Structures are given as C-alpha cells and as structure tokens.
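In short: position in the sequence shown from 1, add 11, done, that's my numbering.
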Amino acid sequence: MKSGSRIKLFAGTASKKLGQKIVEHLKTELEKVDTNNCFEDYRLSEMTVKKFSNDNIFVRLEETVREADTYIIQSSGSPVNDRFMELLITIDAMRRSSAGRITAIIPYLPYSRSDKVDQPRVPLTARLVADLIEAAGADRVVTMDLHADQIQGFFNIAIDHLKATGILASYVEEHFLDAEAYDERDKWVVISPDAGSAKRAQRFARKLGLPMAVILKERQANDDQSEVMQVIGQVEGKSAIIFDDEIDTAGSMTNAITVLCEEFGVREVIAVATHGIFSGPALCRIEENPHLKAVVVTDTLDVPARGEHCLKEYERNGIWHKDEVVVTKIHTCTVSELLAATIRSIHFGESVTHLYERWQIGSGKKDRGRK
12 MKSGSRIKLF AGTASKKLGQ KIVEHLKTEL EKVDTNNCFE DYRLSEMTVK
62 KFSNDNIFVR LEETVREADT YIIQSSGSPV NDRFMELLIT IDAMRRSSAG
112 RITAIIPYLP YSRSDKVDQP RVPLTARLVA DLIEAAGADR VVTMDLHADQ
162 IQGFFNIAID HLKATGILAS YVEEHFLDAE AYDERDKWVV ISPDAGSAKR
212 AQRFARKLGL PMAVILKERQ ANDDQSEVMQ VIGQVEGKSA IIFDDEIDTA
262 GSMTNAITVL CEEFGVREVI AVATHGIFSG PALCRIEENP HLKAVVVTDT
312 LDVPARGEHC LKEYERNGIW HKDEVVVTKI HTCTVSELLA ATIRSIHFGE
362 SVTHLYERWQ IGSGKKDRGR K
C-alpha cells in the first residue's frame with residue numbers, strides 16, 4: 012500500500028477471540044517499523060452483524076475504510092454457511108465503502124475438502140468458494156493449511172497459504188518431547204493417517220527429527236464396509252504422534268488409534284492437527300479413548316479449553332444425540348502471532364516466505380536432523 016495508508020482490521024463473528032490476539036501481536040510487529048501510526052489505537056475496528064427474523068444477515072461497518080488497507084478475519088466455524096455468507100457480505104460492504112485494498116483472512120477455508128470431482132455429477136465446491144470470495148471484492152486471501160495445496164490454483168487473486176507445522180512442532184517439542192515423562196526421543200514416531208497426508212506428516216516429522224510411518228487402509232474383496240489397516244514403518248513399542256490437517260468427528264482417528272495400540276503395539280498416541288473442528292461426537296470420542304493421551308490443535312477455529320464443560324447436541328442417521336463432556340485432553344496453540352506478522356508483511360510489501368524462518372522448532376532454530 013502507499014506510504015502512510017491506514018490499517019483497518021475487522022473480525023467476524025467466528026473469529027473475535029483470534030482477532031483480539033492478532034491485534035496484540037500486530038502492535039508489537041508495527042512498533043518495530045511504523046512511524047506513522049498506521050494502525051489507529053491498536054484495536055479491532057467496529058462492525059455490526061445481526062440476523063433478521065427471516066435469517067438474512069446484515070453487516071454494517073461502523074468506521075470509515077476509505078482508501079484504507081482493510082482486513083477481515085473470519086474463519087468457517089459452525090454454522091459454516093452463515094459464517095461464510097457473513098464474510099462475503101462484509102467484503103462487499105468494504106468494497107462499496109471505497110476500501111483501498113481488501114484482504115480476507117480465512118484461517119480455515121470452508122468446503123476445502125470438496126477440492127476435486129471424484130464422482131459423476133458432483134460440484135467443485137472449493138472452486139465455487141474461491142469464485143465467490145473474488146466476486147465479493149477481495150483483493151487477497153490469507154489462509155492456513157488447506158486440505159489440498161492445489162486449492163490455491165482455484166483463486167485468480169493473490170493468496171498466501173500459511174503453514175502451522177512449525178508452530179505445532181514447537182508446542183509438541185516443548186510440552187511433550189522435552190517433558191520429563193517423554194524424554195526418550197528414539198521411542199517416538201510420527202504417523203500419517205493416510206497416504207494422501209504423507210507429505211504433510213513428513214514435514215512435521217522432519218521438524219522434530221523423528222521417523223515416520225504411514226497408515227494404509229484397503230477394502231476387502233467383495234466387502235464394501237470392512238477395511239484392513241496396514242502400517243508402513245516401525246511403530247511397535249513406540250509412542251506415536253498422528254498428524255493431519257484437521258480433526259472433524261474424530262471417528263476415523265480414534266478407530267485408527269485403537270487399532271494401532273491394540274494390534275500394532277503402539278504404546279500411546281498424541282493427535283496433532285491445525286484445525287480443530289470437533290463436530291458431533293468428536294469430543295466424547297477423544298475423551299473416552301484410553302490410548303489417546305492428548306490432542307494438539309491451533310486456534311484457527313474456536314475450540315474448548317481444558318476443564319471446560321461442553322454440551323454437544325447433534326443429529327446422526329435421523330437420531331438426535333446429546334453428549335456432555337468435560338474437556339481434559341485438548342491443547343491449543345495460537346497462530347495469531349504468525350497472522351499478525353503476515354499482516355505487517357503484506358501492508359509494507361515485504362516477503363511472507365521469510366516468516367517461516369521465525370516459526371521453526373524452538374522459536375527460530377533450524378529443522379532438526381534425524382536422531
């Protein structure tokens with residue numbers, strides 16, 4: 012942006028907590044280089060969001076954004092369609108209010124799992140989402156750990172695809188691998204939950220200097236329901252870290268953990284993912300699995316804190332369920348500092364790539380070699 016332009020930072024309904032954390036870190040980032048007080052009062056800008064009786068969403072920006080470098084932070088928390096529509100309406104309001112540049116920060120992009128046409132007559136919804144964001148008026152998108160890297164190609168506008176691998180690896184390093192009870196590093200292994208996630212898990216394993224294994228699932232001949240699970244790599248007698256991009260209902264994950272421990276000799280498991288969706292029975296499944304010791308996620312979505320009492324109501328197969336659970340296993344690390352540094356880099360026209368060097372193991376250390 013041109014010299015002296017203001018930063019206007021808004022947070023949607025799904026990302027108020029994350030937005031406030033970003034403000035705190037952005038103040039630190041800008042104090043290093045900003046001489047023009049481009050981020051007024053170091054606060055979130057005011058906006059009104061409400062829903063009418065007919066379920067239509069209304070958004071009004073309560074501050075001018077004319078010629079400002081404008082950002083809207085809105086993840087795709089539940090209800091997903093309401094949150095996404097709110098994002099589009101907010102972007103449109105910014106465009107019609109003459110914002111200088113509009114950047115949509117979408118930590119968890121909605122419909123990112125609908126990234127390919129793998130059946131006859133099905134949509135490519137992730138591409139539709141990209142088209143809608145562009146049509147609403149966004150000039151740039153910032154997101155984190157897409158389900159598939161090729162989704163970046165669905166956008167005709169600039170996109171910064173950030174990775175939380177270093178942040179998650181640093182948290183695991185500090186709270187588990189270096190902890191007194193987990194000091195035998197050679198007894199740990201990183202496991203990819205499927206072949207498609209192998210590259211993602213490999214990057215994580217390299218940062219921790221740990222070996223890696225991959226779970227393969229095959230359907231038995233003439234049986235559409237039964238799956239045979241195989242593991243490529245040495246896991247017997249080891250503690251495992253299952254690494255993926257997201258945890259949704261946690262069904263496949265907890266089933267795999269049970270098989271790993273009861274049939275393949277894994278001692279215990281920690282699950283690590285960027286996005287903690289925790290739909291339906293997820294929290295109950297996590298808390299009830301005796302082999303799962305901890306779940307580490309980021310705050311791209313609002314997740315319950317340890318000690319929090321959660322009531323989850325959901326429908327499965329036409330039947331409504333109600334789960335009450337006290338959260339004890341969820342650990343959350345924040346991506347707010349990375350997002351704040353990204354905003355600073357975008358505003359001043361700096362490289363975003365160099366930020367990854369700041370989020371290696373141990374707050375700046377280079378990747379560890381295999382031990």
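C-beta atoms are modelled at their ideal positions from N, C-alpha and C, and glycine is treated no differently.
Computed from a prediction, not measured in an experiment: that's the story for all the values here.
The residues THR309, CYS344, VAL346, LEU349 and TRP370, in chain order, have a CB closer than 7 Å to that of ILE178 in the same chain once the five nearest residues on each side in sequence are set aside.
Counted as a single uninterrupted DSSP element, the stretch harbouring PHE289 is not any beta strand (DSSP E), since DSSP gives it neither H nor E.
Excluding the 5 residues flanking it on each side, GLU57 has same chain C-beta neighbours closer than 7 Å at GLU73 and GLU74, in chain order. ASP52 and VAL270 have their alpha carbons spaced roughly 53 Å apart.
Counting C-beta pairs closer than 8 Å gives three or more between the segment 81–96 and the segment 21–31, which meets the contact rule. Boundaries of the beta strand (DSSP E) harbouring SER250: 250–258, taken from the DSSP string. Counting only runs that start and end inside the segment 173–226, the beta strand (DSSP E) elements of at least 3 residues fall at 199–203.
Rounded to whole angstroms, the Cβ separation of GLY207 and PRO222 is 20 Å, and the two are not in contact under 8 Å. Of all alpha-carbon atoms in LEU55, THR39, ALA352 and GLU40, the one lying nearest the alpha-carbon of LEU20 is that of LEU55. Excluding residues up to 5 positions away in sequence, ALA282, ILE297, LYS340 and ILE341 lie with their Cβ nearer than 6 Å to the Cβ of VAL306 in the same chain.
Assigned with DSSP and collapsed to three states, ILE297 falls in helix. Taken in chain order, the complete alpha helix (DSSP H) segments of 4 or more residues contained in the segment 100–148 are 136–147. Closest in alpha carbon position to PHE359, among ASP259, LEU98, ARG112 and ILE68, is ARG112. Short of 7 Å from the beta carbon of ALA110, and not among the five residues preceding or following it, lie these beta carbons of its own chain, in chain order: VAL76, ALA79 and THR81. Unbroken alpha helix (DSSP H) runs of no fewer than 4 residues, entirely contained in the segment 18–79, are found at 27–42, following chain order. In the DSSP assignment, no residue is bridged to VAL338. Closest option to THR136, judged by alpha-carbon separation, among PRO121, ARG17, ALA149 and LYS198: PRO121.
Contact check between the segment 167–175 and the segment 146–156: three or more CB pairs, one atom from each, fall below 8 Å, which counts as touching. Between ILE116 and MET105, the alpha-carbon positions lie close to 14 Å from each other. Look at ASP171 here: in three-state DSSP terms it is strand. Shown here, GLN85 sits in coil according to DSSP, grouped into three states, outside any helix or strand. In this structure, TYR182 sits away from ILE288, with a CB-CB distance that is not shorter than 9 Å.
In this model, VAL242 and GLU279 are separated by some 16 Å (Cα to Cα). Between ALA147 and ILE202 the beta-carbon gap is near 40 Å, outside 8 Å, which marks them as no contact. Approximately 10 Å separates the beta-carbon atoms of ILE226 and ALA251; this is outside 8 Å, ruling out the contact.
Counted as a single uninterrupted DSSP element, the beta strand (DSSP E) harbouring LEU303 occupies residues 303–309. Rounded to the nearest angstrom, the Cβ distance from ALA293 to ASP255 is 13 Å, too far for a contact under 8 Å.
When PRO131, PHE166, PHE275 and ALA149 are compared, the shortest CA-CA separation from SER123 is found for PHE166. GLU40 and MET240 have their C-alpha atoms roughly 47 Å apart. The distance from the Cβ of GLU97 to that of VAL60 is about 6 Å, consistent with a contact at the 8 Å cut-off. The DSSP-derived three-state label of GLN163 is helix. Apart from sequence neighbours up to five positions away, the residues of its chain that approach TRP331 with a beta-carbon distance below 7 Å are GLU324, ordered along the chain.
Rounded to the nearest whole angstrom, the CA to CA distance from THR24 to CYS49 is 25 Å. For HIS158, the secondary structure class from DSSP, reduced to helix, strand or coil, is coil.
Nearest C-alpha to VAL70 among GLU361, ALA22, HIS36 and VAL91: ALA22. The beta carbon of CYS272 sits closer than 8 Å to the beta carbons of ARG278, GLU279, VAL280 and HIS302 from its chain, once the five residues preceding and following it are set aside; these are given in chain order.
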